[in-house]
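One structure is given here, and the rest of the page talks about it.
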Amino acid sequence: MKLHLIPLLIALAINLAIDIFAYRRLLRSQVWPRWAVTSYACVSVVLYAALGVAIVLAQQTADEPIRLAMWLLLVFYGIQAPKFISLLIYSLSWLKWLWRGAKWFVRCAAVAIFVLLIFHGVWGTFVTPYTLEVRRVTIESPRLPDAFDGYRIVQFSDSHVGTYGTDTAFVSEYVDSINAQGADMICFTGDLVNRHSKEVEPFVSVLSRLHAPDGVISVLGNHDYKAYFPWASEQEWRADSLNLLEKQRQMGWTVCDDSTFTRHRGADSIVVVGLHSFRPPHWKIPAYLREVYPQIANPHIYKIVLQHVPYVWDNYTDTAHIDLMLSGHTHAMQLMFSFFGVEISPARLISPYWRGEYHNGDESLYVNTGVGEVGVPMRIGVKPEITVITLKKKK
Numbered sequence: 009m010k011l012h013l014i015p016l017l018i019a020l021a022i023n024l025a026i027d028i029f030a031y032r033r034l035l036r037s038q039v040w041p042r043w044a045v046t047s048y049a050c051v052s053v054v055l056y057a058a059l060g061v062a063i064v065l066a067q068q069t070a071d072e073p074i075r076l077a078m079w080l081l082l083v084f085y086g087i088q089a090p091k092f093i094s095l096l097i098y099s100l101s102w103l104k105w106l107w108r109g110a111k112w113f114v115r116c117a118a119v120a121i122f123v124l125l126i127f128h129g130v131w132g133t134f135v136t137p138y139t140l141e142v143r144r145v146t147i148e149s150p151r152l153p154d155a156f157d158g159y160r161i162v163q164f165s166d167s168h169v170g171t172y173g174t175d176t177a178f179v180s181e182y183v184d185s186i187n188a189q190g191a192d193m194i195c196f197t198g199d200l201v202n203r204h205s206k207e208v209e210p211f212v213s214v215l216s217r218l219h220a221p222d223g224v225i226s227v228l229g230n231h232d233y234k235a236y237f238p239w240a241s242e243q244e245w246r247a248d249s250l251n252l253l254e255k256q257r258q259m260g261w262t263v264c265d266d267s268t269f270t271r272h273r274g275a276d277s278i279v280v281v282g283l284h285s286f287r288p289p290h291w292k293i294p295a296y297l298r299e300v301y302p303q304i305a306n307p308h309i310y311k312i313v314l315q316h317v318p319y320v321w322d323n324y325t326d327t328a329h330i331d332l333m334l335s336g337h338t339h340a341m342q343l344m345f346s347f348f349g350v351e352i353s354p355a356r357l358i359s360p361y362w363r364g365e366y367h368n369g370d371e372s373l374y375v376n377t378g379v380g381e382v383g384v385p386m387r388i389g390v391k392p393e394i395t396v397i398t399l400k401k402k403k
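Quick note: the sequence shown, position 32, residue 40 per the working numbering, numbers continuous.
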């Protein structure tokens, strides 16, 4: 598990400063009894201790300490974030010009919001991550061959099976749901594991149950390249990479890592192009795409590109004809709120392509928010997603 030290220390310093200020201010305010203020301080100390243990555990190589670190991080942020939001609101009651009734209302509102946010956190830990959502979309294109009009694809992404340890229950549930859709093809858009190939071993028999007439096509995500594990040598890393590919083949999946898969129906065909998760420099993209598939710019061939990271869509469509690109990676940062139909997530700050459908003329992108979790085992407002995509000929 990779923790970036400098941003972490900055965040920790800010957290400590706010907590110390709040403790001293609450102590002087004489609104709360002494035991309540002392309890606030004790809870804060326990949370910082949990964070410290999480940081130490995150440096370990074994899987159990890493999973414990994820839960400790969840406890820390799951309480600190609501606490600071509530403190921000509560601090309004310290304004001297507010009358007593308004101060009382602000304090009550702060406490109510804290309770509400804690409830959302608990729900997002124990309910939402196991509440599967099946989203159905239709993608139209005038270039779709007639024989593939109505062709159905199920996309799923970001399984992160290492987060579940050896518990296969939820993975089995979404495997059954995917199979129940009766799709022509199943596409997995990366991040099967968190850190190394051994994580997938308890799940091989379950994931082997996935089936579709045109098979299960997969690409690798950034976590599948094992950049988050302290390998002893490059040889060890390469051996583990080959093992992950072999595990997917054992499951009956076709791994398209910088390669192509063509499906024929009579005289018509579509091409699935699987691309590496890490894009080359901008000026090398045209040559890279042509190397993977020489006909990538041919507008008369219907192409579906599987690429784990959606942020590269603009770069690819500038130099190639990509009818449909399927991606994952974002998880919508496992945090989303909906207000009057408007979806708000910190993922918006990273890229405009973070969830759902995007279109550029007749070229389309779909970003799946994944079925698993990484970092912290929580999903607030973002259900695990499988997507049923129906291709239609645009008249």
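For each residue, glycine too, the CB sits at the ideal point set by N, CA and C. These figures come from a predicted structure and were not determined experimentally.
Asp326 - containing alpha helix (DSSP H), residue span: That run of the alpha helix (DSSP H) goes 321-327.
Candidates Ile352, Leu96, Ala117, Val279: closest to Arg151 by CA position: Selected option, being the one with the closest Cα: Val279.
CB of Pro307 within 9 Å of CB of His337, strictly: Contact flag unset, no.
Backbone CA spacing between Gln88 and Cys116 [nearest angstrom]: For Gln88 and Cys116, the distance between alpha carbons rounds to 19 Å.
Start and end residues, beta strand (DSSP E) containing Leu163: Checking the sequence shown, residue 163 turns out to be Gln, not Leu. Where Gln163 is concerned, the enclosing beta strand (DSSP E) stretches over 160-164.
Contact set for Thr176: own chain, Cβ-Cβ below 7 Å, skip 5 residues either direction: Around Thr176: Pro210, Phe211, Val214.
Cβ pair Ser185, Leu253 closer than 9 Å: Note that the C-beta distance between Ser185 and Leu253 is not below 9 Å.
Buried or exposed by the 16-neighbour rule on C-beta atoms within 10 Å, applied to Asp326: Taking all protein chains shown into account, Asp326 has fewer than 16 neighbouring C-beta atoms within 10 Å of its C-beta and is therefore exposed.
Endpoints, the beta strand (DSSP E) within which His408 is located: Past the boundaries of the shown model lies residue 408; the chain is included only from 9 to 403, so the question cannot be answered.
From Asp266, His128, Ser205, Ser372, residue whose alpha carbon lies closest to that of Asp322: Here the closest residue by C-alpha is Ser372.
Terminal residues of the alpha helix (DSSP H) in which Glu242 lies: First-last of the alpha helix (DSSP H) with Glu242: 242-258.
For Ser149 and Val382, the rounded distance between their alpha carbons: Using only the alpha carbons, I get a separation of about 35 Å.
Length at least 3, wholly inside the region 253-301: the beta strand (DSSP E) runs in chain order: Segments of the beta strand (DSSP E) lying fully in the region 253-301: 261-263, 267-273, 276-282.
For Ala120 and Glu351, the rounded distance between their alpha carbons: The straight-line gap from Cα to Cα measures roughly 23 Å.
Check whether Ile397 and Val162 have beta carbons under 9 Å apart: Cβ distance < 9 Å, so Ile397 and Val162 count as in contact.
Three CB pairs or more closer than 8 Å across the region 97-110 and the region 359-370: Judged by Cβ distances under 8 Å, the region 97-110 makes no contact with the region 359-370, as fewer than three pairs qualify.
Inter-stretch contact at 8 Å, needing at least 3 Cβ pairs: the region 218-235 / the region 254-272: In short, these stretches touch, since the Cβ pair count reaches three.
Val317, buried or exposed, once every other Cβ within 10 Å from all chains shown has been counted against 16: With 16 or more other Cβ atoms within 10 Å, it is buried.
Bridge partner(s) assigned by DSSP for Asn23: Paired residues: none, contrary to the question.
CB-CB length for Thr69 against Pro385, believed under 8 Å: 20 Å between Cβ atoms; not a contact.
Inside the region 113-178 only - beta strand (DSSP E) runs reaching at least 3 residues: If we require 3 residues or more, the beta strand (DSSP E) runs fully inside the region 113-178 come out as 141-149, 160-164.
Range covered by the beta strand (DSSP E) that runs through Lys401: Unbroken beta strand (DSSP E) run through Lys401: 393-401.
Own chain residues within Cβ distance below 6 Å of Glu207, not counting five before or after: Around Glu207: Val169, Gly170, Val201.
Nearest to Pro288 (by Cα), restricted to the options Tyr301, Gly274, Tyr324, Ser165: Of all alpha-carbon atoms in Tyr301, Gly274, Tyr324, Ser165, the one lying nearest the alpha-carbon of Pro288 is that of Tyr324.
Whole runs of the beta strand (DSSP E) within the region 215-245, excluding any shorter than 3 residues: You should have 224-226.
Unbroken alpha helix (DSSP H) run spanning Leu59, endpoints: DSSP places Leu59 in the uninterrupted alpha helix (DSSP H) bounded by 42-65.
Run of the beta strand (DSSP E) containing Leu373, from where it starts to where it stops: Here the beta strand (DSSP E) through Leu373 covers 371-375.
Ala188 to Cys195 span [Cα, whole Å]: Between Ala188 and Cys195, the C-alpha separation is close to 15 Å.
Where Tyr361 falls: helix, strand or coil (DSSP): Correct three-state label for Tyr361: coil.
Residue nearest to Leu55 in terms of C-alpha spacing, selected from Ile147, Leu24, Ala295, Phe345: When Ile147, Leu24, Ala295, Phe345 are compared, the shortest CA-CA separation from Leu55 is found for Leu24.
Residues bridged to Phe196 [DSSP beta-bridge criterion]: Its beta-bridge partners are Phe164, Ser226.
Top-ranked residue by Cα proximity to Met344, from Gly380, Ala191, Val390: The shortest C-alpha separation from Met344 is found at Val390.
CB contact flag (Leu297, Leu314, <9 Å): Taking 9 Å as the cut-off, the beta carbon of Leu297 is found no closer than this to the beta carbon of Leu314.
Among Pro41, Tyr98, Ala62, the one whose alpha carbon lies nearest that of Ile26: Minimum Cα distance to Ile26 is reached at Tyr98.
Ser94 - containing alpha helix (DSSP H), residue span: Unbroken alpha helix (DSSP H) run through Ser94: 71-98.
Residue nearest to Val379 in terms of C-alpha spacing, selected from His339, Tyr366, Arg356: Residue His339 is the option with its Cα nearest to Val379.
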